[in-house]
Each structure stands twice: as C-alpha cells, then as structure tokens.
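Engineer: Numbering (our numbering), first residue to last: 747 to 917.
Pasting a structure below so you can have a look.
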C-alpha cells in the first residue's frame, strides 16, 4: 500500500514539475497573410517621425509586424535604441528587431556592427551571427523559421517596407 501511495505521489510531483517547466506559453498575436486578391497600398513613410518609434508605427500600420513591442538591449551592438516584435504568421513564429544608431557618434561596437552589415549582411552578437539589413541609421533583423511561399512573400514585403522608410516630420 505504501508503495502505491509513494508511486502516486511521485507521479503527481512529476506531472506538476512538467507543467511548471512549460510555464505559461506566451500568446503571440497572429498576423494574417494579405490575400493575393487584395490590392494592397502601403501607408507612406513621410507621415511618420524619423525615430525608432516612427519606424515601428510605420511597420505596424502597414501590417509588417504585430503584437506587443518589446524594448531590446541595444548597447551590445552600439545602437542607441532597440525593440522587437514576436508574432505568428502562417503558423510560424516570426521575430523582427529594429535598432537605431547615431551614425555621427558610433562607438567601437556600433562601428563594427554597421560595417559588418554593410559588408556581409550580418553581424556577430554574443557569439551568434545575425542576418541584418541597414536603411540609413536603422537596422532590421528578421527571422522566420518557415520559408514557404506565404512566409517568403511576407519577408519580402517587410524588407521592401523597411527599405522604403524615408520619414518626414510626422505630419
């Protein structure tokens, strides 16, 4: 009898620890693919401020990103500010990071990061190589575990929007 009680208690402990390890799964916003039958016209960048916040609002408005904007650590790459979005797209988790640099006052880390992205389209941070794209003082890192047709089309849309970001004065 004692063995049965101990076995049940052990099973309960294992079940509780497994559920605790899983924790609460982060609920990511689902960004729906734009149907190919819809004529999509992006909102022009001139109506957004020339700031990281302006870039983020531009990308949100144009449905390139979704969900909560999380502020990221940026000093490791010499940026002055950074943020990311994590969301679901066509069943895949997508992460898009944006960073702003002060190109006139880059520290050594910033010079190394910007130079690396210009030369090879990526930079090294904390021992990992991260593919990235520059547009003036802004840097974008886009990662998606899926590369099917819908996800590749979304990646291309995000890249096109990012490269088209030429802000005005926000009016």
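Glycine residues also receive a C-beta, built at the ideal position from the N, C-alpha and C atoms.
Since the model is a prediction, treat every value here as computed from it, not as a measurement.
What span of residues does the alpha helix (DSSP H) with residue 805 cover, start to end?
Structural biologist: Residues 798-807.
Engineer: Label residue 877 either buried or exposed according to how many other C-beta atoms from any shown protein chain fall within 10 Å of its C-beta, with 16 as the threshold for buried.
Structural biologist: With fewer than 16 other Cβ atoms within 10 Å, it is exposed.
Engineer: Go to residue 863, then tell me how far its alpha helix (DSSP H) extends in each direction, as first and last residue.
Structural biologist: Start and end: 854-866.
Engineer: Kindly confirm or deny that the stretch 804-821 and the stretch 857-868 touch, where touching means at least three C-beta pairs closer than 8 Å.
Structural biologist: Contact fails: fewer than three Cβ-Cβ distances are below 8 Å.
Engineer: What's the gap between the Cα of residue 842 and the Cα of residue 879?
Structural biologist: When rounded, the distance between both Cα atoms is 11 Å.
Engineer: DSSP on residue 795, reduced to helix/strand/coil?
Structural biologist: If DSSP states are grouped into helix, strand and coil, residue 795 belongs with coil.
Engineer: With a Cβ-Cβ cutoff of 9 Å, do residue 849 and residue 883 count as a contact?
Structural biologist: Cβ atoms of residue 849 and residue 883: closer than 9 Å.
Engineer: Which of helix, strand or coil does DSSP assign to residue 826?
Structural biologist: Reduced to three states, the DSSP call for residue 826 is coil.
Engineer: By DSSP, does residue 876 sit in helix, in strand, or in coil?
Structural biologist: Of the three classes helix, strand and coil, the one that applies to residue 876 here is strand, per DSSP.
Engineer: Just curious, the beta strand (DSSP E) that residue 816 is in, first and last residue?
Structural biologist: Note, residue 816: beta strand (DSSP E), 815-817.
Engineer: By DSSP, does residue 897 sit in helix, in strand, or in coil?
Structural biologist: Of the three classes helix, strand and coil, the one that applies to residue 897 here is helix, per DSSP.
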